[in-house]
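Number of protein chains: 2
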Amino acid sequence: MLNFDFYNPTRILFGKGRIADLPKVVPAGARVLVLYGGGSIKANGVYDEVMAALSGFAVQEFAGIEPNPTYETLMQAVEQVRREKLDFLLAVGGGSVIDGTKFVAAAACFEGDPAAILDKRGRNITDALPFGSVLTLPATGSEMNEGSVVTRKSIKAKTAFSSPLVFPKFSVLDPTKTYTLPLRQVGNGVVDAFAHIMEQYMTYPVNAPVQDRFAEGLLLTLIEEGPKVLANPEDYDVRANIMWCATLALNGLIGAGVPQDWATHMVGHELTALFGLDHAQTLAIVLPNMLRVRKESKRAKLLQYASRVWNITEGNEDARIEQAIDRTQAFFEQMGVKTRLADYQLGADSIDAVLKHLESHRMVSLGEQRDVTLEVSRKVLELAV
Amino acid sequence: MLNFDFYNPTRILFGKGRIADLPKVVPAGARVLVLYGGGSIKANGVYDEVMAALSGFAVQEFAGIEPNPTYETLMQAVEQVRREKLDFLLAVGGGSVIDGTKFVAAAACFEGDPAAILDKRGRNITDALPFGSVLTLPATGSEMNEGSVVTRKSIKAKTAFSSPLVFPKFSVLDPTKTYTLPLRQVGNGVVDAFAHIMEQYMTYPVNAPVQDRFAEGLLLTLIEEGPKVLANPEDYDVRANIMWCATLALNGLIGAGVPQDWATHMVGHELTALFGLDHAQTLAIVLPNMLRVRKESKRAKLLQYASRVWNITEGNEDARIEQAIDRTQAFFEQMGVKTRLADYQLGADSIDAVLKHLESHRMVSLGEQRDVTLEVSRKVLELAV
Numbered sequence: 001m002l003n004f005d006f007y008n009p010t011r012i013l014f015g016k017g018r019i020a021d022l023p024k025v026v027p028a029g030a031r032v033l034v035l036y037g038g039g040s041i042k043a044n045g046v047y048d049e050v051m052a053a054l055s056g057f058a059v060q061e062f063a064g065i066e067p068n069p070t071y072e073t074l075m076q077a078v079e080q081v082r083r084e085k086l087d088f089l090l091a092v093g094g095g096s097v098i099d100g101t102k103f104v105a106a107a108a109c110f111e112g113d114p115a116a117i118l119d120k121r122g123r124n125i126t127d128a129l130p131f132g133s134v135l136t137l138p139a140t141g142s143e144m145n146e147g148s149v150v151t152r153k154s155i156k157a158k159t160a161f162s163s164p165l166v167f168p169k170f171s172v173l174d175p176t177k178t179y180t181l182p183l184r185q186v187g188n189g190v191v192d193a194f195a196h197i198m199e200q201y202m203t204y205p206v207n208a209p210v211q212d213r214f215a216e217g218l219l220l221t222l223i224e225e226g227p228k229v230l231a232n233p234e235d236y237d238v239r240a241n242i243m244w245c246a247t248l249a250l251n252g253l254i255g256a257g258v259p260q261d262w263a264t265h266m267v268g269h270e271l272t273a274l275f276g277l278d279h280a281q282t283l284a285i286v287l288p289n290m291l292r293v294r295k296e297s298k299r300a301k302l303l304q305y306a307s308r309v310w311n312i313t314e315g316n317e318d319a320r321i322e323q324a325i326d327r328t329q330a331f332f333e334q335m336g337v338k339t340r341l342a343d344y345q346l347g348a349d350s351i352d353a354v355l356k357h358l359e360s361h362r363m364v365s366l367g368e369q370r371d372v373t374l375e376v377s378r379k380v381l382e383l384a385v
Numbered sequence: 386m387l388n389f390d391f392y393n394p395t396r397i398l399f400g401k402g403r404i405a406d407l408p409k410v411v412p413a414g415a416r417v418l419v420l421y422g423g424g425s426i427k428a429n430g431v432y433d434e435v436m437a438a439l440s441g442f443a444v445q446e447f448a449g450i451e452p453n454p455t456y457e458t459l460m461q462a463v464e465q466v467r468r469e470k471l472d473f474l475l476a477v478g479g480g481s482v483i484d485g486t487k488f489v490a491a492a493a494c495f496e497g498d499p500a501a502i503l504d505k506r507g508r509n510i511t512d513a514l515p516f517g518s519v520l521t522l523p524a525t526g527s528e529m530n531e532g533s534v535v536t537r538k539s540i541k542a543k544t545a546f547s548s549p550l551v552f553p554k555f556s557v558l559d560p561t562k563t564y565t566l567p568l569r570q571v572g573n574g575v576v577d578a579f580a581h582i583m584e585q586y587m588t589y590p591v592n593a594p595v596q597d598r599f600a601e602g603l604l605l606t607l608i609e610e611g612p613k614v615l616a617n618p619e620d621y622d623v624r625a626n627i628m629w630c631a632t633l634a635l636n637g638l639i640g641a642g643v644p645q646d647w648a649t650h651m652v653g654h655e656l657t658a659l660f661g662l663d664h665a666q667t668l669a670i671v672l673p674n675m676l677r678v679r680k681e682s683k684r685a686k687l688l689q690y691a692s693r694v695w696n697i698t699e700g701n702e703d704a705r706i707e708q709a710i711d712r713t714q715a716f717f718e719q720m721g722v723k724t725r726l727a728d729y730q731l732g733a734d735s736i737d738a739v740l741k742h743l744e745s746h747r748m749v750s751l752g753e754q755r756d757v758t759l760e761v762s763r764k765v766l767e768l769a770v
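Which chain is which? The protein sequence lines are A and B, in order.
Residue numbering for the first sequence follows the numbering used here, starting at 1 and increasing by one per position.
Residue numbering for the second sequence follows the numbering used here, starting at 386 and increasing by one per position.
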């Protein structure tokens with residue numbers, strides 16, 4: 001096992017009806033900005049429930065945080081926070097709204113141009129407004145971690161930043177609030193969580209059996225529950241299990257003490273920034289082929305994955321590995337997320353654009369062994385055409 | 386899945402050499418009281434390492450916290466804290482030292498007689514001194530939770546209390562510091578962690594596959610690594626895996642959203658309070674027989690446990706359950722912890738004394754179904770003679 005620090009102070013309020021508990025966790029007397037995305041929380045009743053719970057507080061709202069939240073939009077919220085002297089933020093939505101709120105929380109307290117937060121990937125954050133979240137889309141894990149990804153439209157760049165100062169103080173996870181999600185977002189969410197787990201699990205062995213088994217437990221649960229949620233969108237337990245899986249997939253626990261990869265995410269971010277694909281779509285395209293190209297350096301864990309997650313024990317090693325990767329890709333397709341560039345009307349010519357962006361963002365030695373060069377990324381994308 | 390709150394703000398510093406990082410996590414300018422037990426930390430170098438790391442701080446010490454820490458001893462530390470105006474505590478030792486430090490932290494800030502903290506099981510704690518720990522014995526999980534057990538010698542009672550105010554601010558987990566532990570304590574620690582997991586796992590199904598798999602992952606790891614540590618006390622990875630297992634066994638995670646039992650612990654506490662048995666010894670005596678007596682209400686989970694943890698899939702249900710319980714008991718014996726009352730020179734006459742104590746402590750309807758009456762506890766102990 002590698003040395004590690006683990007720290008995660010976010011309080012989780014999990015279960016049916018928990019939005020009503022907001023007054024117990026929002027500080028008394030807070031001047032609250034409720035941030036959200038489009039109109040879905042108004043259509044499904046979450047907005048009304050949140051506002052009813054906050055009736056004892058001074059509340060303003062900021063609507064219109066987009067999927068892949070942009071610096072340009074978020075700076076309008078920063079302006080509102082400063083102008084109106086708001087002192088607590090409440091993100092109501094999915095990972096994009098929570099990621100965006102993290103940026104607003106840090107930017108509102110930042111001296112100088114908050115774009116520097118992205119340039120320095122959060123290392124220069126010294127203060128942030130406290131905030132909580134009401135999660136409506138299980139996927140990114142942002143509700144219980146210190147990370148965020150923000151897009152600058154001006155330079156077509158998706159930039160991740162992190163800071164312990166942007167852990168949510170609390171997150172409300174009510175599985176019933178996910179019943180009305182479009183199936184596309186449900187499938188995306190499962191694929192996103194699955195990929196998060198793989199980035200922390202599918203590397204090389206360091207004798208960390210607890211972390212391995214936790215990761216495998218989450219993967220197995222997503223594989224079991226994912227198809228059920230498409231078939232029965234209002235099955236409470238299925239929704240609850242997926243929601244808790246997605247949170248635990250990226251709250252720091254399964255990645256503590258083990259190597260981590262994240263090359264799939266870095267390549268995927270460029271596909272979103274360049275062509276507007278959903279985040280999970282990019283992961284579904286890149287991940288299976290990333291595993292194929294890097295089969296040798298990941299051999300031991302791929303064999304473990306084949307056996308423990310897919311119960312593949314017959315055939316020679318290469319056949320078992322291939323089968324495990326094929327089944328991973330088929331699972332993404334089963335969740336309704338297409339896995340080829342052509343499915344998104346992208347041809348081989350898109351690859352050069354991605355590589356150029358990777359190079360300009362200095363993403364030239366990715367992965368747990370730092371051996372995912374531009375040439376390796378090219379091979380991965382070529383397999384995905 | 387049941388509704389739940391999860392909150393755990395303790396920072397973990399895990400790995401070789403991490404004691405040197407104390408100055409990064411002890412507040413600057415703190416007046417520190419270092420609390421410890423007997424002399425083992427002086428013999429194995431931990432004391433010197435801690436004191437060297439704290440050379441920039443005003444440091445006092447309090448030695449002599451006993452296994453099953455007593456109110457009577459701890460109140461002397463409270464007196465020292467108040468007299469010397471100390472403002473940060475550092476527990477250096479195992480669960481008993483950390484449990485004791487939690488009491489000192491709360492008692493030092495308590496108005497009135499701190500015995501009331503035990504009477505109210507911590508619900509009346511409104512403030513506590515901040516504290517951290519350097520863990521030397523993986524077992525109780527106290528290093529990353531809000532619970533503590535303190536013994537009052539005057540009334541022969543072990544009382545558990547808890548409060549979110551007594552989470553350690555940080556805990557340093559350096560597996561190399563456990564190399565010199567006596568084998569008895571190593572075995573006790575593994576049994577203790579195992580029992581903690583079982584108290585949260587071995588109840589009835591609530592469709593919580595993630596919690597089940599996490600619990601099973603920890604159990605499997607303890608079963609694999611436990612015998613290895615007895616054979617090779619200085620195997621770093623084995624020590625690290627056991628240490629992380631013991632912490633995760635009782636940090637709130639695997640118990641979130643599922644029913645919990647704890648009847649074994651309640652009966653075990655009386656055996657320690659009356660006869661001075663090690664905590665883990667009482668668990669090894671009680672747990673297998675608690676499972677035998679309550680086989681019907683735990684049937685579904687016992688079958689799952691037999692299959693997933695012990696790989697027992699042949700034979701009828703009752704045979705599989707019996708085999709799983711037998712193997713559990715054999716594992717405790719393998720770890721050097723005896724599982725019968727007679728092994729500790731206790732006869733059938735001890736049972737009445739335990740039952741009388743359970744009754745006087747109102748422990749008359751224990752377990753996840755509140756159906757562990759005194760009569761059930763009697764049957765359990767009678768099987769353990």
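Every residue gets a Cβ at the ideal spot worked out from N, C-alpha and C, and that includes glycine.
Can you tell me where the beta strand (DSSP E) holding Tyr236 (chain A) begins and where it ends?
Run containing Tyr236 (chain A): none in the beta strand (DSSP E); it sits in the alpha helix (DSSP H), 236-248.
Among the residues of its own chain, which have a CB less than 8 angstroms from the CB of Val477 (chain B), if the five just before and after it don't count?
Val419, Leu420, Tyr421, Ile426, Val431, Tyr432, Val435, Ser518, Val519, Thr521
Pair within 8 angstroms by beta-carbon distance, Ser533 (chain B) and Phe473 (chain B)
no
Between the beta-carbon of Arg11 (chain A) and the beta-carbon of Lys153 (chain A), is there less than 8 angstroms?
no
Determine, using beta carbons only, whether Lys156 (chain A) and Asn44 (chain A) come nearer to each other than 8 angstroms.
Going by C-beta atoms, Lys156 (chain A) is not nearer than 8 angstroms to Asn44 (chain A).
Measure from the C-beta of Leu398 (chain B) to each C-beta in chain A and report whether the shortest distance is under 8 angstroms.
yes
My guess is that Val739 (chain B) and Ala669 (chain B) are in contact by the Cβ rule of under 8 angstroms, so how many angstroms apart are they, rounded?
Val739 (chain B) to Ala669 (chain B), Cβ: 15 angstroms. No contact.
Please confirm if Pro673 (chain B) has its CB atom under 8 angstroms from at least one CB of chain A.
No, because no Cβ of chain A sits closer than 8 angstroms to the Cβ of Pro673 (chain B).
Environment of Gln570 (chain B) [buried if 16+ CB atoms lie within 10 Å]
buried
Nearest to Ser556 (chain B) by CA position, among B:Pro567, B:Trp647, B:Asp512, B:Phe516, is which residue?
B:Phe516
Min CB distance Val770 (chain B) to chain A below 8 angstroms
False, the Cβ-Cβ gap to chain A never drops below 8 angstroms.
Using a C-beta to C-beta distance shorter than 9 angstroms, which residues of chain C count as neighbours of Ala625 (chain B)?
Among the chains of the structure shown, chain C does not appear; the protein chains present are A and B.
Could you give the residue range of the alpha helix (DSSP H) that holds Val134 (chain A)?
Where Val134 (chain A) is concerned, there is no enclosing alpha helix (DSSP H), although the beta strand (DSSP E) it sits in stretches over 131-135.
C-alpha distance - Gly642 (chain B) paired with Met386 (chain B), whole-angstrom precision:
The straight-line gap separating the alpha-carbon atoms of Gly642 (chain B) and Met386 (chain B) is approximately 5 angstroms.
For Ala437 (chain B) versus Phe447 (chain B), is the C-beta distance shorter than 8 angstroms?
no
Roughly how far, in whole angstroms, is the beta-carbon of Asn124 (chain A) from the beta-carbon of Ala116 (chain A), given that I think they are within contact range, below 8 angstroms?
6 angstroms
Terminal residues of the continuous beta strand (DSSP E) containing Lys538 (chain B)?
Lys538 (chain B) -> no beta strand (DSSP E), and no H or E assigned at all.
Kindly indicate which three-state DSSP category Ile510 (chain B) falls into: helix, strand or coil?
coil
Is the shortest distance between the beta-carbon of Tyr7 (chain A) and the beta-carbons of chain B less than 8 angstroms?
yes
Report yes or no: is there a C-beta of chain B within less than 8 angstroms of the C-beta of Trp310 (chain A)?
No, Trp310 (chain A) does not count as interfacial toward chain B.
Classification of Thr455 (chain B) by the beta-carbon crowding that lies within 10 angstroms, buried from 16 upward:
Buried is the label assigned to Thr455 (chain B), since at least 16 other Cβ atoms lie within 10 Å of its Cβ.
For the beta strand (DSSP E) that contains Ser547 (chain B), what are its first and last residues?
542-547
For Tyr421 (chain B), list the residues DSSP reports as bridge partners.
B:Val477
Buried/exposed call for Gln730 (chain B), threshold 16 Cβ in 10 Å
exposed
Amino acids of chain B, ordered along the chain, whose beta-carbon sits closer than 8 angstroms to that of Cys245 (chain A)
Val595
Spell out whether any CB of chain A is found under 8 angstroms from the CB atom of Phe599 (chain B).
yes
Own chain residues within Cβ distance below 8 angstroms of Leu218 (chain A), not counting five before or after:
Correct list, in chain order: Ala193, Ile197, Cys245, Leu248, Ala249, Ile254.
With distances taken Cα to Cα, identify the nearest neighbour of His746 (chain B) among B:Val575, B:Leu759, B:Glu753.
If we check each option's Cα against that of His746 (chain B), B:Leu759 comes out closest.
In three-state terms, what does DSSP make of Asp577 (chain B)?
helix
Cut-off 6 angstroms between Cβ atoms - residues of its own chain near Lys409 (chain B), not counting five sequence neighbours on either side:
none
Grab me the residues of Tyr392 (chain B)'s own chain with a C-beta within less than 7 angstroms of its C-beta, minus the 5 sequence neighbours each way, in chain order.
Pro549
Would you please verify whether the beta carbon of Asp192 (chain A) is less than 8 angstroms from any beta carbon of chain B?
Not closer than 8 angstroms to any Cβ of chain B, the Cβ of Asp192 (chain A) fails to qualify, so no.
Between Ala274 (chain A) and the rest of its own chain, which residues show a CB-CB distance below 8 angstroms, the 5 nearest in sequence each way excluded?
It is Leu, not Ala, that sits at residue 274 (chain A) in the sequence shown. Within the same chain, Leu274 (chain A) has close Cβ partners Lys156, Ser350, Ala353, Val354, His357.
Which value, in whole angstroms, describes the spacing of the CA atoms of Pro394 (chain B) and Lys680 (chain B)?
37 angstroms
Minimum Cβ-Cβ distance from Leu165 (chain A) to chain B less than 8 angstroms
no
Along chain A, in chain order, which residues have C-beta atoms closer than 9 angstroms to that of Leu766 (chain B)?
Correct list: empty, because the minimum Cβ distance to chain A is about 33 angstroms.
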